[in-house]
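**Student:**
Numbering (this note's numbering), first residue to last: -12 to 351.
(1) Kindly indicate which three-state DSSP category residue 276 falls into: helix, strand or coil?
(2) Would you kindly work out how many angstroms separate the C-alpha atoms of residue 113 and residue 329, rounded to a whole number?
(3) Less than 7 Å between the C-beta atoms of residue 80 and residue 214, yes or no?
(4) Can you say whether residue 319 is buried or exposed, counting buried as having 16 or more other CB atoms within 10 angstroms of its CB?
(5) Specify the secondary structure class of residue 237 as computed by DSSP and reduced to three states.
(6) For residue 254, count neighbouring Cβ atoms within 10 angstroms of its own Cβ and tell me buried if that reaches 16, exposed if not.
(7) Can you give the Cα-Cα distance for residue 122 and residue 332, rounded to whole angstroms?
(8) In three-state DSSP terms, what is residue 331?
(9) Tell me the start and end of each unbroken alpha helix (DSSP H) in the region 155 to 216 that is at least 4 residues and wholly inside, in chain order.
(10) Hey, how far is the Cα of residue 105 from the Cα of residue 261?
(11) What are the start and end residues of the alpha helix (DSSP H) that includes residue 25?
(12) CA-CA distance, residue 201 and residue 164?
(13) I need the straight-line Cα distance from residue 309 to residue 191, nearest angstrom please.
(14) From the DSSP secondary-structure annotation, give me the bridge partner or partners of residue 146.
(15) Please classify residue 323: does DSSP put it in a helix, a strand, or coil?
(16) Please determine if the region 180 to 194 and the region 261 to 281 are in contact, where contact requires at least 3 C-beta pairs separated by less than 8 Å.
(17) Using a Cβ-Cβ cut-off of 7 Å (strictly less than) and excluding sequence neighbours within five positions of residue 38, which residues of its own chain qualify?
(18) To the nearest angstrom, report how far apart residue 293 and residue 86 are at their CA atoms.
(19) If you count every other CB in all the chains shown that lies within 10 Å of the CB of residue 139, and 16 or more means buried, which is it?
(20) Taking Cβ to Cβ, would you say residue 13 is nearer than 7 Å to residue 160?
(21) Check residue 22 in the structure and name its three-state DSSP category.
(22) Whose C-alpha, out of 29, 117, 100, 57, is nearest the C-alpha of residue 314?
(23) Please state whether DSSP places residue 126 in a helix, a strand or coil.
(24) If I measure Cβ to Cβ from residue 132 and keep anything under 7 Å in the same chain, skipping five residues before and after, which residues do I get?
Okay, structure coming up:
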């Protein structure tokens, strides 16, 4: 039997200062509570080197360009090195960093869709316990009590359609089965994205397999990436008419329009952020997190805020007043990986495996 010798095991553990064991009984979880002004944090970040590296979940490389531009405009002496890729790939790369292969931790901030990873990373001692300014103005469901993580925005999967191609936009899930949507739907593979998988799980639990069979009869176009669906809807030379597996914000530009259903349930989730405990630029990471939680930035996201004191975008109710969605449910869904896998294989059996390259590099 092969066995790692004690000195080899010790060397492996020394490759990273992250503890490779459960930290519950360490009883050292008290957070660092921010008391400085954001400008004082800025000064510390500049003195540290003026650079912050953030990995952000998404499915198009340019998806967070607005965040980079806003951050660097607000803090001109800072550089935000921002990498957007699928969260399901980035979390594994973070795990590799945490075990010290090959270069240890070189990312400061992680903002991902894989909500279930954060409790695990925290239990492993990988996350900095830090409460940014106005931490308790966040909804309780959107923050960890010890500051290990917090949400940055609530992403909604609304019904979205192109008004030039669809006369009457969908108001309920049953509308997608109408004859006028035949050959006009563009949807993200539920086998390729857990948010899409969750959306289909919600729908089928409410409306049954018959709804899905009828949807397939509509001959939807299946794509990799949630942004791809929105891009095809917006494309002036396309034929795509509607989707329910994408995010365009709550005030999209023409010719796109949106609605939210009152029957059944649609997907919303709080994108989650944390600072790695061994981040090479902790002050810069703190500056970034304070910025994205600021009222100034939260009011500009175009979606529901994670702050209690920032109202919903004009024309929309508060999340708590919408019975057809619950953003806190997504983590519970993600945490049951056995159930997620069973659902994924069910849809793979009906749709096949996702086709084509990653949406980050497919050029759509």
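Ideal Cβ placement from N, Cα and C applies to all residues, glycine included.
**Tutor:** According to the structure data:
(1) helix
(2) 30 Å
(3) no
(4) Exposed, since its Cβ has fewer than 16 Cβ neighbours within 10 Å.
(5) coil
(6) buried
(7) 40 Å
(8) helix
(9) 181 to 204
(10) Residue 105 and residue 261: Cα-Cα distance of roughly 8 Å.
(11) 25 to 35
(12) 6 Å
(13) 20 Å
(14) 246
(15) Coil.
(16) no
(17) 66, 68, 268, 271
(18) Going by the C-alpha atoms only, they are around 32 Å apart.
(19) Around the beta carbon of residue 139, a 10 Å sphere encloses 16 or more other beta carbons of the protein chains shown; the residue is thus reported as buried.
(20) The Cβ atoms of residue 13 and residue 160 do not sit closer than 7 Å to each other.
(21) Here DSSP, grouped into helix, strand and coil, assigns residue 22 to coil.
(22) Residue 100 is the option with its Cα nearest to residue 314.
(23) Annotated three-state conformation of residue 126 is coil, per DSSP.
(24) Nothing meets the Cβ criterion.
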